[in-house]
Amino acid sequence: MRAPRVSALGALGAIASRVSALRALTPRALTSRALAPRTPVPHPAAGHAFASSLVPALVGLALGVLALWPALGSGFVLRYDMVFVPDPPIPARSGGFPRAVPSDLVVALLSSVLPGQIVQKAILLGIFVLAATGAAALVPGERRVARLVAAVFYAWNVYLAQRLLLGQWALLLGYAGLPWAVRAVTRGGMCRTVLALIPAAIGGFQAMLVSAMSVVPVAGRRAPRALLAVAVLSLPWLVPALGSSAVTDPAGVRAFAPRADGPLGTLGSLLTLGGVWNSGAAVPGQETWWSALVRLVVAVAAVTGYALLTRGWPSAGHVAGGGPVAKSGRGTAGGGRDSGRPAYWGGLTVASVAGLTVACAGAFLPGAVEALVGLWPGFGPLRDGQLYLAPFALLQAVGLAAVTARLSPVIRPGMLVLPLLVLPTFALGAFGRLVAVDYHPDWSGVRSVVDADPAPGALLTLPWGAYRVFGWNGGRVVLDPAVKSFRREVVWNDGLPVGLGDGRTLVLAGEDPRARRVGAILAGSGPLTGPLAAEGISHVLVQRSSENLFRSRLPGARLIFAGQELVLYRL
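Residue numbers (our numbering): 86 to 656.
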């Protein structure tokens, strides 16, 4: 009978000890424990995650400085479509398609806080940083060298270089944000997708079209949500485009068709991310056999590496000749599971094939694209098909990272310099093609006169051509700065002469109906004052070199500004 008694006493003792412990947990004790200082224990992965994001950003910044060095001095970079002006006004209404919406508005707002040249430099450097970090984010975090290879390639390739030399910084905002958008839709969430698409939304219609081509197939079953995000962010340019009376010249299909920019022909140029229609956008030396073959080898290796991702990323310790394969785990920064292909694999493949198809259609089936453009002007963006190679560039960046992950640890670091060796002449502003310059003083003088004049009406800029060549800009071709300099509407020739490469020049009809009517007036031989005034034009800005061609045709017009480079008349 002693055993049960001992057991009962033991049980009572245990209960008593628990009751005393509960008594110790008074509200005062709980409060004191809650307020007691605690020593934070750092999570070991926190520092690694920060470093994995910081290093690609620094790499992107370094690549941007290397590519833009001559452009980072005092002044503005003015080349083809890249026109930034000091203190840009809020953009006035335009009669053509809203190609610079809302990018010009964003630049104007930023320039109200910072000097315009600082805004331009920050945007250009930001493109490199955003592109590098986004491509790296699609590669699992433990593959550190592979992540950096993806970052370097995506921020340093022929596509980015040619579009930058064309001055299409707004398109490149969408290109730079593309990997972030791809990553966002694979992880789900409308807010995340919208945030990732903001760079493309700022860039405007080209940037959003390129992003939509990639985001929708990658989203898969979430495609309706992705389409909704794209549609909402496209409203700033979509609404005025649908309400515009502008037209698109189908002849632009052949003018903007991809062209061979080296010995590999048109198809080879496209497969190596080149083939832009403007020969003035070629990077020095890329037309040589050596450059073309190296780019082709890299492209083949990158596509092969991407195809191998159907089996997933190799383990972090994998070396050439075989190695362990990582076990299935939770999704990584690259998307998907380590033992399976990345979540974006199929969608990005579809987007790349679609982009290549659009680019090839303009080169090899121009009649089909012309029929579409003739059917509806909304198909006009298909004319410049080479710009849709953006998802293919991202595919190659990830593929080259996959190849790097399968190489020996001794060889991997050497892959970091491979993209630079493929296109070394992109450095230093493509050997002087991107240089910062100061505007001629006449531009600030004539702007102050026009903006202070209360007389209503638009400003006509002459000679009747979209692009200019100024001595103070080193003879580089640039869109007429008058288009973005004044608070009032500017009427300009948005038609475009394009060389076809065989000695012929094709002149595309302009999109703005009023510009077409003004062009017809200028093509005549009679006085201009009355007809121009009837079109709502109150001021005529003429380059000094062309003044003699128009002065006699402006009877009754008053000269209100006369500079070394510019003269201004009021009708």
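The beta-carbon is built from N, C-alpha and C at its ideal position, and this holds for glycine as well.
Pairing residue 308 with residue 301, the inter-Cα distance amounts to about 5 Å. With a beta-carbon spacing of about 17 Å, residue 513 and residue 366 fall beyond the 8 Å limit used to define contacts. In this structure, 445 is the residue among 445, 572, 225 and 161 with its C-alpha nearest to the C-alpha of residue 344. As for any alpha helix (DSSP H) of minimum length 4 sitting wholly inside the segment 236-283, the runs are 243-250, 254-272 and 275-281, ordered along the chain. For residue 592, no alpha helix (DSSP H) segment is defined; the enclosing uninterrupted segment is the beta strand (DSSP E) at 590-593. Take residue 208, set aside five residues on each side of it, and the residues of its chain with a beta-carbon closer than 7 Å to its own are 254, in chain order. Of the other Cβ atoms in all chains shown, 16 or more fall within 10 Å of the Cβ of residue 234; this residue is therefore buried. In this structure, residue 331 places its C-beta atom within 8 Å of the C-beta atom of residue 596. Residue 573 carries a coil assignment under DSSP once its states are collapsed to helix, strand and coil. Of all C-beta pairs linking the segment 514-529 to the segment 254-264, fewer than three are shorter than 8 Å, placing the two stretches out of contact. Between the alpha carbons of residue 542 and residue 287 lies a distance of about 29 Å. Annotation: the continuous beta strand (DSSP E) that includes residue 546 extends over 543-547. If you compare the alpha carbons of 360, 427, 316 and 565 with that of residue 472, the shortest gap goes to 360.
DSSP lists no bridge partner for residue 293.
Taking every protein chain shown into account, the CB of residue 377 has 16 or more other CB atoms within 10 angstroms, so this residue is buried.
Runs of the alpha helix (DSSP H) lying entirely within the segment 179-214 and spanning at least 4 residues, in chain order: 188-196. The C-alpha of residue 384 lies about 34 Å from the C-alpha of residue 186.
Excluding five sequence positions before and after residue 189, the CB atoms of its chain that fall closer than 6 Å to its own CB belong to 176, given in chain order.
Selection 236, 191, 225 and 435 evaluated against residue 213 yields 236 as nearest (Cα-Cα). Around the beta carbon of residue 628, 16 or more other beta carbons lie within 10 angstroms, which makes this residue buried. Taking a cut-off of 8 Å for Cβ pairs, the segment 522-534 and the segment 607-616 do not touch, as fewer than three such pairs fall below it. Membership of residue 582 in any alpha helix (DSSP H) is not indicated; the residue belongs instead to the beta strand (DSSP E) covering 581-584.
Note that the segment 214-233 touches the segment 138-148; at least 3 beta-carbon pairs, one per stretch, sit closer than 8 Å. Nearest Cα to residue 617 within the set 655, 631 and 649: 655. Annotation for residue 583: 340 and 591 place their beta carbon closer than 6 Å to its own, counting only its chain and skipping 5 residues before and after. Residues of the same chain with a CB within less than 6 Å of the CB of residue 399, apart from the 5 flanking positions on each side, are 490 and 491 in chain order. DSSP places residue 485 in the uninterrupted alpha helix (DSSP H) bounded by 475-490.
Using a Cβ distance threshold of 8 Å, residue 614 and residue 575 do not count as a contacting pair.
Below 8 Å, enough C-beta pairs join the segment 437-454 and the segment 342-358 to call them touching: three or more.
Residue 643 is bridged by DSSP to 655. The beta carbon of residue 437 lies closer than 6 Å to those of 476, 477 and 480 in the same chain, with the five residues before and after it left out. Cβ-Cβ distances below 8 Å link residue 451 to 338, 339 and 342 in the same chain, with the five nearest sequence neighbours on each side left out; the list follows chain order. In the DSSP assignment, residue 162 is bridged to 521.
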